[in-house]
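All letters in the sequence shown, in the order written, are residues 39 to 508 by my numbering.
Where is the CB? At the ideal position from N, CA and C, for every residue including glycine.
Just so it is clear, the structure is predicted and the values come from calculations on it, not from any experiment.
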Amino acid sequence: MKKIIKNGTIVTAADTYQAELLIEDGKITQIGSNLSAAGAEIVDAKGCLVFPGGIDPHTHLDMPFGGTVTKDDFETGTIAAAFGGTTTVIDFCLTNKGEPLKNAIQTWHEKANRKAAIDYSFHLMISEINDDVLNELPQVINEEGITSFKVFMAYKNVFQADDETLFRTFVTAKELGALVMVHAENGDVIDYLTKKALEEGNTDPIYHALTRPPELEGEATGRAARFAGLAGSQLYVVHVSCADAANRIAEARSKGYEVWGETCPQYLVLDQSYLEKPNFEGAKYVWSPPLREKWNQEALWHALRSGTLQTFGSDQCSFDFKGQKELGFGDFTKIPNGGPMIEDRLTILFSEGVKKGRISLNQFVDLTSTRAAKLFGLFPKKGTVAIGADADLVIFDPNAERVISAETHHMAVDYNAFEGMKVTGEPISVMVRGEFVVRDKQFVGKPGSGQYLKRAKYNTPITENETMSI
Ligand SMILES: [Zn+2]
């Protein structure tokens with residue numbers, strides 16, 4: 039099915055211009071004016087921006103945590119993502135010590151393959167480095183196309199890896215061509231502070247933030263960056279929440295270390311005071327790293343604007359308030375960590391960033407799509423508007439105004455962290471490989487139609503063969 043998108047303003051990470059797009063067999067085949075093709079459907083994008091579909095490099099769909107499982111799975115999560123203008127998610131595949139990596143990856147394929155309504159890929163969690171893992175990793179990269187590893191420096195006795203494991207992961211990633219992602223918080227000190235808080239009878243949600251101070255994120259970020267530099271390897275710091283951590287990244291980059299950073303919508307518009315909401319509602323805002331004192335927001339905007347942080351993930355990890363967040367009533371350490379962020383990622387960055395003059399429109403596209411495509415081996419198949427690229431496109435009304443609410447969102451979870459927030463800018467229609475998933479704000483896609491994406495090695499130009507879908 040051919041389509042021509044007319045009357046829109048094309049926006050990429052580099053350019054903003056008026057043009058028409060011809061889409062054939064799921065790809066952009068012509069960019070120009072007065073395009074025509076026999077049998078092509080005309081899509082009118084008058085008054086709208088047309089930019090590459092968002093790539094969310096940080097999601098947790100159908101993920102077990104603390105005796106429960108995230109409310110949104112690959113079906114509801116990817117449908118909500120599509121409504122928000124995201125056409126690819128890269129989800130974290132969790133592993134268990136002693137278990138073959140291929141079993142964990144198989145588990146994640148089973149979670150996703152009949153449910154995802156948009157394209158998807160996986161990062162692989164590394165919890166240990168031993169001969170079995172080292173023997174398996176080349177296959178993970180070459181056959182599964184999983185070219186990014188995730189190491190947790192926090193969640194002691196659950197996910198946390200020790201420094202030797204982290205350092206050896208950097209060494210291994212350099213050899214194999216993978217990007218190492220870290221959750222940077224000092225889990226040992228957090229473990230001590232949380233035990234002490236509980237002993238002193240401090241059980242409310244706010245103690246989640248007070249026992250994970252920004253110094254511990256800054257320290258872990260600096261440690262990971264030094265390890266990466268020492269190993270001559272590459273680091274991507276997920277969910278940077280505070281000035282301290284952003285400063286450690288800036289420092290490392292100034293030394294020439296290959297260190298990248300991501301922040302998320304929640305850290306730009308919410309702050310630590312949300313954890314003090316009465317009636318246990320503060321639990322809705324419990325995730326890690328925690329929300330920070332408000333002054334950090336300006337530092338994060340500066341880091342986005344100046345290029346210290348290059349990507350914008352959601353850290354989608356949703357739990358209902360009723361029945362799930364409530365597990366931590368009377369003990370903040372039992373509140374499942376995470377929030378529902380997948381749907382409002384683009385709109386919040388557009389509304390608060392572009393509309394308020396903090397970042398440019400082209401930076402917006404780079405942050406939400408292009409840079410993630412480049413760092414995670416999907417470019418130029420994904421992440422841009424170019425001839426030969428997949429027609430993953432958002433038709434976006436930059437002037438639409440709405441109020442974010444759980445009443446109207448598409449996630450399965452029972453609250454929205456941005457409830458009541460007025461935003462400007464809204465995806466009207468969204469297509470994946472030339473097919474509408476959302477059209478005129480209605481879901482017209484199909485769960486299971488999303489394709490698994492094998493990704494190229496870190497910093498390696500991608501070829502068509504490497505992105506074969508299964
Ligand atoms: Zn996460």
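For the putative contact between residue i and residue j, defined by C-beta atoms under 8 Å, what is the C-beta separation to the nearest angstrom?
i, j, result
"residue 511", "residue 191", "The structure shown does not extend to residue 511, since the chain is modelled only from 39 to 508, so the question has no answer here."
"residue 463", "residue 406", "So it is not a contact: roughly 12 Å between Cβ atoms."
"residue 263", "residue 273", "6 Å"
"residue 250", "residue 303", "Not a contact, Cβ separation roughly 19 Å."
"residue 546", "residue 366", "Because residue 546 is not part of the residues shown, which for the chain are 39 to 508, the question remains open."
"residue 158", "residue 107", "Incorrect: roughly 18 Å between the Cβ atoms, too far for contact."
"residue 227", "residue 266", "Rounded, the Cβ-Cβ distance is 21 Å, inconsistent with contact."
"residue 414", "residue 493", "6 Å"
Of all the options the options, which has the alpha carbon lying nearest to the alpha carbon of residue i?
i, options, result
"residue 282", "176, 307, 268 and 335", "335"
"residue 154", "487, 267 and 494", "487"
"residue 168", "63, 136, 161 and 102", "136"
"residue 295", "171, 306, 232 and 261", "261"
"residue 93", "354, 338 and 360", "354"
"residue 416", "495, 215, 100 and 102", "495"
"residue 110", "129, 427, 123 and 125", "129"
"residue 474", "439, 285, 433 and 460", "433"
"residue 378", "399, 189, 443 and 423", "443"
"residue 374", "359, 387, 380 and 476", "359"
"residue 103", "491, 372, 161 and 460", "372"
"residue 453", "363, 497 and 39", "363"
"residue 8", "424, 289 and 480", "Only positions 39 to 508 of the chain appear in the structure, and residue 8 is not among them; the question remains open."
"residue 269", "208, 447, 237 and 45", "208"
"residue 461", "394, 248, 376 and 275", "394"
"residue 121", "481, 46, 158 and 134", "481"
"residue 350", "147, 383 and 466", "383"
"residue 445", "332, 456, 186 and 345", "456"
"residue 347", "332, 318 and 276", "276"
"residue 427", "300, 69, 280 and 56", "69"
"residue 376", "399, 411, 320 and 333", "320"
"residue 497", "218, 232, 84 and 429", "218"
"residue 278", "257, 243, 195 and 471", "257"
"residue 12", "160, 174 and 127", "For residue 12 there is no data in the structure shown, the boundaries of the chain being 39 and 508."
"residue 345", "370, 398 and 55", "398"
"residue 240", "146, 369, 72 and 105", "369"
"residue 313", "325, 299, 255 and 243", "243"
"residue 401", "436, 451 and 343", "343"
"residue 326", "289, 131 and 222", "222"
"residue 177", "216, 156 and 195", "216"
"residue 220", "253, 245, 195 and 163", "163"
"residue 45", "76, 64 and 85", "85"
Can you find a CB in chain C that lies within less than 8 Å of the CB of residue i?
i, result
"residue 106", "Of the chains in the structure shown, none is chain C; there is only one protein chain."
For residue i, which beta-bridge partners are listed by DSSP?
i, result
"residue 186", "217"
"residue 440", "461"
"residue 47", "56 and 87"
"residue 40", "The partner list for residue 40 (beta bridge, DSSP) is empty, contrary to what the question assumes."
"residue 350", "301"
Return yes when the C-beta of residue i is under 7 Å from any heavy atom of ligand 2, and no when it is not.
i, result
"residue 355", "You won't find ligand 2 in this model; what it holds is ligand 1."
Exercise. Are the segment 391-407 and the segment 82-95 touching by the rule of at least three beta carbon pairs closer than 8 Å?
Worked result: In this structure the segment 391-407 lies against the segment 82-95, because at least three pairs of beta carbons, one per stretch, are closer than 8 Å.
Exercise. For the segment 230-314, which segments carrying the beta strand (DSSP E) assignment without a break, of at least 3 residues, lie completely within its bounds, in sequence order?
Worked result: Within the segment 230-314, complete beta strand (DSSP E) segments of at least 3 residues are found at 272-275 and 296-301, given in chain order.
Exercise. Can you list the alpha helix (DSSP H) stretches of 4 or more residues lying completely in the segment 356-439, in chain order?
Worked result: The segment 356-439 contains, as complete alpha helix (DSSP H) runs of 4+ residues, the segments 383-386, 399-403 and 409-413 (chain order).
Problem set entry | 4-residue-minimum alpha helix (DSSP H) runs that sit fully inside the segment 56-133, ordered along the chain | Inside the segment 56-133, DSSP marks whole alpha helix (DSSP H) runs of 4 or more residues at positions 112-121, from first to last along the chain.
Problem set entry | Unbroken stretches of the beta strand (DSSP E), 3 residues or longer, contained in the segment 129-214 | Listed in chain order, the complete beta strand (DSSP E) runs (minimum 3 residues) inside the segment 129-214 are 157-163 and 186-190.
Exercise. How about the segment 340-355 and the segment 307-316: do they share at least three Cβ pairs that are nearer than 8 Å?
Worked result: No: fewer than three Cβ pairs fall under 8 Å.
For this session: List in chain order: all unbroken beta strand (DSSP E) runs of 3+ residues lying wholly within the segment 467-496.
Result: Within the segment 467-496, the complete beta strand (DSSP E) runs of at least 3 residues are 473-477.
For this session: Indicate whether the contact test is met: 3 or more Cβ pairs, each with one atom in the segment 410-430 and one in the segment 72-84, closer than 8 Å.
Result: Segments in contact, no.
Problem set entry | Three CB pairs or more closer than 8 Å across the segment 104-119 and the segment 170-187 | Flag = no, the segment 104-119 and the segment 170-187 do not touch.
Exercise. Should the segment 336-344 be called in touch with the segment 196-212, which here means at least 3 C-beta pairs below 8 Å?
Worked result: Cβ pair count under 8 Å is below three, so no.
Exercise. Would you say the segment 441-457 touches the segment 93-102, given that touching needs at least three Cβ pairs under 8 Å?
Worked result: Below 8 Å, too few C-beta pairs join the segment 441-457 and the segment 93-102 to call them touching: fewer than three.
Exercise. Contact between the segment 194-203 and the segment 157-177: three or more CB pairs below 8 Å?
Worked result: Contact holds: three or more Cβ-Cβ distances are below 8 Å.
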